[in-house]
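This report concerns only the one structure given below.
Chains as they are written, first to last, in the working numbering: chain A, 461 to 802; chain B, 1294 to 1618.
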C-alpha cells in the first residue's frame, strides 16, 4: 500500500461514478444511492449535503465497502488513486479501510468502544495494516493525538472513552482516522452532535489537517452553513441522486436547484427575525420503488409536467463561463436563473 | 475497592442473620424430629432424656439463641442422625458437588459461547436457526428426564458411560477429585452434561442476543472502518462488551447448580451435598439442614461479590463503592 504517484492536485484521488447501492426489501428495492458521481482531489474538501434519508451517509458507507446485507453496491465504479475499489474481495477492502480511506462517524459517544482503552483502540488500528511493534505504534498515536489538539497524550492514551467529553472523543476518532495518513477521509456529520464552539474548532483543525497532509476530505452534513466555511466543492443530494454540484461559491451564491435554495432558506440565520422559519414543504419521498421523474417535484413550486421525466445533471447556463463554473451542474428542468432571491 | 468489599461483607452478615432466622423457623415448622429419631418402643424416661440431650425441650427462641451462640464459635450443631458435627458432614460432601457444578458450568461456557456467537453472527443461516431451535429443548426439558434419558442411552443401550458414583478419585491438595482420572471423568460426563444443558441453552440465548445488539453499535462499524479483521472485532470488541450480562448469569447459575444439584445427584447417585440434604430432610435432621442452607447462602453472597468485582474489571465505567445506592 505504499505506491504514491506524484502528488498532483489536478487528478482526483477519489473518483466515484454512477454509484448505485440497492437494498432488497420485502416489497421492492430501495435505492438510497442511485447513480452518484463525483470526484475529490488531494487536499480538497468536498461537502456532501442533503436532508436525512437523502442517501449521503449511504454513499459514504458504499465507498468504504461497509454496506451490510441486504444492501449491496450494484453499479458504478469507485476509483481510488486510479485503482478500481468496487468488487474487491473482503480482505483487500479491509486492507484499504482505515489505511487508504478512513471514516469518522456522527456520534462520538458511540464510535469508541466503551470497554477498551484509547491506546488499545489506536494501536490496533495501526497494527491492522502495518507490522509495527507496540512502542513504535504508541509513538505515532501520541503524535496523532497531539495533532488533533489533545493535551497530555500520554495520560490520555491510558484513559477510557467515558473519561472524555464528546468533543474530545471526536478528536480521538479523528486522530484514529489520520493515524495512517489516508488518501481520503469520509466524515459523516462529525460535528452534528457537538456544541457550536467545539464544532468550529474541529472544522478548523480538519481543514488544516487536510491541506497539510494532502488528504481529500468528504464532509457529509445537512448543514449548509458548515459547508460554506469549510468546503471547496459541494454536492447536494436528494433521494439518492446528486441534484446540484459545483464550487461552494457557485452553489451557494448562484443556486440553480430549487431544493438547494430550500435548504439554504431553512438555515435559521438567513430568515428575518420574528418571522416564521421558512421550510421546504413535505417530506423526502420514500425510496422504495421510487417513480421515475424528478424526485423533488412533489415539493417543488416550479414543477411542471416536464418534471415527470428524469432530469439530467447538466452544466448550469447563464453564468459567467470561467473554468470553475463550467463544473457547476444541476439536475433540474427549471433551474433557477437569478441565484438566491430573498 | 476495599471500602466496597468491607461494606459488602457487613451487608452479608445482615443477610446471614436474617436467613438463619428464616431457616430456623422454617425447619422448626416442618415437623418434630423426635417422632422419627426415637424408636416408638422407647420408654418415656428415655424419650425425655434424649429430648433434653438434643435441647429440644426448650422454646424455639431459646433454641435459636443457643444455635447463634454456638454458630459464633463455628459450631453449627451435631447431626441428629450421624452424631457428628453437621458442618463436617457437609464439608466432606462439598468437593463432589463443587466438582460437578464446576464441570457443568465449564461445559456450558465452552459449548454455549461459540454456538451463541455463531447464531448471533449468522442468525439467518440454517445452522444458526438449528442452534436456536435446539436451545429451546435445553430450556424446556426437565433435568430429571434428561438425566434418565442419558442413562438409558449411554449407560444402558450403548454401555459406553457409567451411570452412578464418582468412579476412581485422585487427591488434589488432599481433596478427592474425579476429573484427574480417566474413570472419574467418565463418571462425571453424564451428570455434568445433565446439569450443563439448561445453562448451555441460557448462554446461547444470551450470547446471541448480545452479539446481535453489539453488531449494530457504531463502535463495531467504526472498528470495521479502521480495517480490523473480523476475528479481532468479534473476539475483542464484541465479546468484551457482551461478557457483562453473561458473567452475571454464569455466576448466578453456578450458585444455583450447586444449591439445586439435588435431583441430578440423586439420579446419578453422586455423593454430593444435594443427596445429603435430601437424606437429612427425610429424617428431619435439623442441624444439617440449617447448616446446609447457611452454607449455600454464604456461597451465593460470595459469588455475588465476585460478580461485582468481575464487573469492574470488564467495564471501566463501573467503579466499585463510589455510588452504590
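Note that the Cβ used here is the ideal one computed from N, Cα and C, for glycine as well.
As the structure is a computational prediction, the values presented were derived from the model and not from experiment.
- Apart from sequence neighbours up to five positions away, the residues of its chain that approach residue 1406 of chain B with a beta-carbon distance below 7 Å are 1496 and 1500, ordered along the chain.
- In the DSSP assignment, residue 679 of chain A is bridged to A:507 and A:647.
- Counted as a single uninterrupted DSSP element, the alpha helix (DSSP H) harbouring residue 1606 of chain B occupies residues 1579–1607.
- For the pair of segments examined, the region 615–622 of chain A was found not to touch the region 545–555 of chain A: the number of CB pairs separated by less than 8 Å stays below three.
- The shortest C-alpha to C-alpha distance from residue 511 of chain A to any of A:723, A:608 and A:571 is the one to A:723.
- Using a Cβ-Cβ cut-off of 8 Å, residue 558 of chain A is close to 1518, 1519, 1520 and 1521 of chain B, given in chain order.
- Looking at the DSSP output, residue 535 of chain A sits in a beta bridge with A:480.
- Counting other Cβ atoms within 10 Å of its Cβ, residue 1442 of chain B stays below 16 and is therefore classed as exposed.
- Interface residue (Cβ-Cβ distance to chain A less than 8 Å): residue 1608 of chain B is classified as such.
- It is roughly 8 Å from the alpha-carbon of residue 607 of chain A to the alpha-carbon of residue 635 of chain A.
- Per the DSSP secondary-structure output, residue 494 of chain A pairs in a beta bridge with A:480.
- With 16 or more other CB atoms across the displayed protein chains lying within 10 angstroms of its CB, residue 698 of chain A is buried.
- Assignment of beta-bridge partners to residue 702 of chain A by DSSP yields A:697.
- Distance check between residue 1327 of chain B and each of B:1451, B:1435 and B:1348 places B:1348 closest, using alpha-carbon atoms only.
- Under the three-state reduction of DSSP, residue 641 of chain A is assigned to coil, being neither helix nor strand.
- Among the residues of chain B, those whose CB is under 9 Å from the CB of residue 575 of chain A are 1530, 1533, 1534, 1536, 1537, 1607, 1608, 1609 and 1610, following chain order.
- Taking all protein chains shown into account, residue 1490 of chain B has 16 or more neighbouring C-beta atoms within 10 Å of its C-beta and is therefore buried.
- Across the region 655–674 of chain A, no CB contact with chain B closer than 9 Å is found for any residue.
- Leaving aside the five residues that flank residue 1364 of chain B on each side, none in its chain has a CB nearer than 7 Å to its CB.
- Contact between the region 514–526 of chain A and the region 698–710 of chain A is established, with three or more Cβ pairs separated by less than 8 Å.
- Taking the Cβ atoms as the reference, residue 1581 of chain B lies roughly 5 Å from residue 1372 of chain B, within the contact range of under 8 Å.
- Under the Cβ distance rule, residue 1511 of chain B counts among the residues neighbouring chain A, one pair being separated by less than 8 Å.
- For residue 562 of chain A, the neighbours in chain B by C-beta distance under 9 Å run, in chain order, 1518, 1519 and 1520.
- Counting the other Cβ atoms within 10 Å of the Cβ of residue 1568 of chain B gives 16 or more, which makes it buried.
- Around the CB of residue 1353 of chain B, fewer than 16 other CB atoms lie within 10 Å, so the residue is classed as exposed.
- Partner residues in the beta bridge of residue 1371 of chain B, as assigned by DSSP, are B:1378.
- Counting only residues of its own chain and dropping the five nearest sequence neighbours on each side, residue 1455 of chain B has a CB closer than 7 Å to the CB of 1448, 1479 and 1480.
- Using beta-carbon distances, residue 1422 of chain B does not count as an interface residue toward chain A, since no partner is under 8 Å.
- A distance below 8 Å separates the beta carbons of residue 1428 of chain B and residue 1498 of chain B.
- Contact residues of the region 1494–1506 of chain B toward chain A are absent (C-beta to C-beta distance below 8 Å).
- Taking C-beta separations shorter than 8 Å and ignoring five residues to either side along the sequence, the partners of residue 1361 of chain B in its chain run 1313, following chain order.
- Judged by pairs of C-beta atoms under 8 Å, the region 747–759 of chain A touches the region 490–498 of chain A, as three or more such pairs exist.
- The shortest C-alpha to C-alpha distance from residue 1486 of chain B to any of B:1557, B:1595 and B:1574 is the one to B:1557.
- Put simply, of A:573, A:572 and A:601 the residue whose alpha carbon is nearest the alpha carbon of residue 586 of chain A is A:601.
- Within chain B, 1512 and 1515 have C-beta atoms less than 8 Å from the C-beta of residue 572 of chain A, given in sequence order.
- By the rule that beta-carbons nearer than 8 Å mark a contact, residue 716 of chain A does not touch chain B.
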